[in-house]
Structure formats: C-alpha cells, structure tokens
Amino acid sequence: MESQPFVLYYLELENQKLFLFTFPETSDMLINENDNSATIMLQCQLLFDFVKKNPPLGIVHKVTVHDFCEVDCYVKKNMKQYGLENVRGGTYSMEVIPDTLLEALRLELSDSIRLSTQQLIINNLFKKYKDDKSVSIDEIKNKIDEYNEILKKRHDLCGGLERTFLTELEWIRNFVPNSHGKISTFDRQKYKDILLKMKCLNANFSQQKDGFQDIAQLKYPEFVLDTLFFHSHHLKTNLNLRKKYEIEKENLLSKFEYMAYWMINRAEEYEFDLTTI
Numbered sequence: 038m039e040s041q042p043f044v045l046y047y048l049e050l051e052n053q054k055l056f057l058f059t060f061p062e063t064s065d066m067l068i069n070e071n072d073n074s075a076t077i078m079l080q081c082q083l084l085f086d087f088v089k090k091n092p093p094l095g096i097v098h099k100v101t102v103h104d105f106c107e108v109d110c111y112v113k114k115n116m117k118q119y120g121l122e123n124v125r126g127g128t129y130s131m132e133v134i135p136d137t138l139l140e141a142l143r144l145e146l147s148d149s150i151r152l153s154t155q156q157l158i159i160n161n162l163f164k165k166y167k168d169d170k171s172v173s174i175d176e177i178k179n180k181i182d183e184y185n186e187i188l189k190k191r192h193d194l195c196g197g198l199e200r201t202f203l204t205e206l207e208w209i210r211n212f213v214p215n216s217h218g219k220i221s222t223f224d225r226q227k228y229k230d231i232l233l234k235m236k237c238l239n240a241n242f243s244q245q246k247d248g249f250q251d252i253a254q255l256k257y258p259e260f261v262l263d264t265l266f267f268h269s270h271h272l273k274t275n276l277n278l279r280k281k282y283e284i285e286k287e288n289l290l291s292k293f294e295y296m297a298y299w300m301i302n303r304a305e306e307y308e309f310d311l312t313t314i
C-alpha cells in the first residue's frame, strides 16, 4: 500500500542553525496549507534540546516526503552543505551526536565514500579480467588506467555538478522575498551557494566548449540577480525597471541551464564509456 505523503519542515534557528522536523505519523495538519507554524516551532522547542538552545526564527522551507527514511537523506544533504554542527533532524535530532555516529557521518559526507566506490569498481574490473587466461596482468592494468583516465575527464568536465543544480536554478527563478524584502539566513546562504556553483559551471564550460564567448554577466551573475534577490521591494514602484531585470534574469538562467545540460550530457557520455571497458 502506498504511504500517505507528509511534510518535512525546515526551521531556521538562531545562531545560523537549521532543524528539519516532521511528525512520525500522517495527520490532516501535515498536508494542510494553513498549518500553524507557531505550534510546530513550539513543539520542536519542547521536544528537542538543539532547538531549545537555538530558538526557531521561522519555517523557511517545506518538502513533501513519502517515507520517513527520506528525512535522514535531507538532513545529511543539509549537513554536508551547512556543516555537521549546524544541522539536526531525523535520526540526528539530538543536540550532541555520539562520537561513533559522528565519525560515521563525517566519513559518509566526505569524499572518501566516492574514493571507496571508485576502488570497488576497479576491484570489480580486476576480477572481471583476471580469470580470462587470454588477458595479461599488463592488459588488466591498462584497462584500469583507461578507466581512471575517463573518470578524470568526467571529473574535470563538471566537478561536483549534478542534475539537482537545475532545480536550484528553478529556485532562483521563482524566489520571491517577503513583502518587506526580508530574506532568511537559510535562503541567503542557499543563494550564495548557488551563485558559486554558477561561477564554477561558467569557468568549466568556457574551457570545454569551443567558440564559447564568455561575458561579464556569466562570470558575475550577481550583477543581475542581486538586485532582484535583495532589493526587489525597491522595484515595486518602477515596473519598467523591474521588467527589465526580470528579462535579464530569465536570459541569464536560460544560458546557465543550457551550459548545465551540455555538461551533464557530456558527463553521461563518459559514464557510458566506463561501462564499455
């Protein structure tokens, strides 16, 4: 039987902390658009020492999930982005995470997991050919070298770029500050992180794509986006100027979407090459 959806709440806390919270069972209030934010924040303060120590400022984001196991995935993703000490939720809701669990988290969130995966693939590659009497040890080593070379090309091509970047561009496209132009610490940091990814993408793309003409707006997307992100409330009385910035934003994001799709498609070609070795 398909599980009922429920809501995972992102609570921005004092001291630049973040807490992810959901209810253990589905109830009407979980999928009610008029849910009581004050009640949720109070409940978190009563239940969790981490929230009690860093009082909530507000609910800054909500996502719908269908399995309670998904909560830990979101928690770990935000831990990796904002730091282990700054994020709690799910299995990791306690204020002080035990040393053994903390060490396991550090390992999981570090690049060592990717290195372990790479080593596993290389080991499997070795096993694949070692029983083939027609293939020498040197030929197996050459296969491994070929694998590593393709893997390096893929990494040099797009670094840490993932398809989730396209979702982040969509978040930029649709972001609207509140009526007073106030932006939460969470949204402010998320915006800065996306800007950095945009700049890295532009730098990588300009090296990979022949005939690409780099322009200032691609090098410094904040020239266009900062005005709409931080000062949009000042544009309310000047609709023509706001329209101008909105058009520039859309053109800019469309260019970055094109670059991202191009890089991702090239990366997937390399991934296919890896399967043919």
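Numbering-wise, the numbering used here puts 72 at position 35 of the sequence shown, and it's gapless, one number per residue.
Idealized CB from N, CA, C, for every residue including glycine.
As the structure is a computational prediction, the values presented were derived from the model and not from experiment.
Per the Cβ contact rule, the segment 199-212 is in contact with the segment 222-236 (3 or more Cβ pairs under 8 Å). CA-to-CA, the gap between K219 and N277 works out to about 23 Å. The DSSP-derived three-state label of K246 is coil.
Between the segment 135-148 and the segment 116-127, the count of Cβ pairs shorter than 8 Å is three or higher; the stretches touch. A distance below 8 Å between beta-carbons, with the five flanking residues on each side excluded, links L57 to the following residues of its chain, in chain order: L45, Y46, Y47, L48, V108, Y111, V112, N115, V124, R125, G126, G127.
Within the model, the alpha-carbon separation for L79 versus R225 is close to 24 Å. Taking a 10 Å sphere around the C-beta of V261, we find 16 or more other C-beta atoms and assign the residue as buried. Between S130 and the set A297, L84, F266, the nearest pair of CA atoms involves L84. Contact between N241 and L255 is ruled out by a C-beta separation of about 12 Å, above the 8 Å threshold. By DSSP's assignment, I77 forms no beta bridge with any residue.
For Y129, no beta strand (DSSP E) encloses it, and the DSSP letter there is neither H nor E. Around the CB of V133, fewer than 16 other CB atoms lie within 10 Å, so the residue is classed as exposed.
The DSSP-derived three-state label of K99 is strand. Around the CB of N302, fewer than 16 other CB atoms lie within 10 Å, so the residue is classed as exposed.
Counting along the chain, the unbroken alpha helix (DSSP H) around Y111 starts and ends at 106-119. Judged by DSSP in its simplified three-state form, F267 adopts helix. With a threshold of 16 other beta carbon atoms within 10 Å, A75 falls short and is exposed. Between V88 and F223, the C-beta spacing is not below 8 Å. An exposed status is given to L138, since fewer than 16 other beta-carbon atoms sit within 10 Å of its beta-carbon. Under DSSP, V44 takes part in a beta bridge, and its partners are T101.
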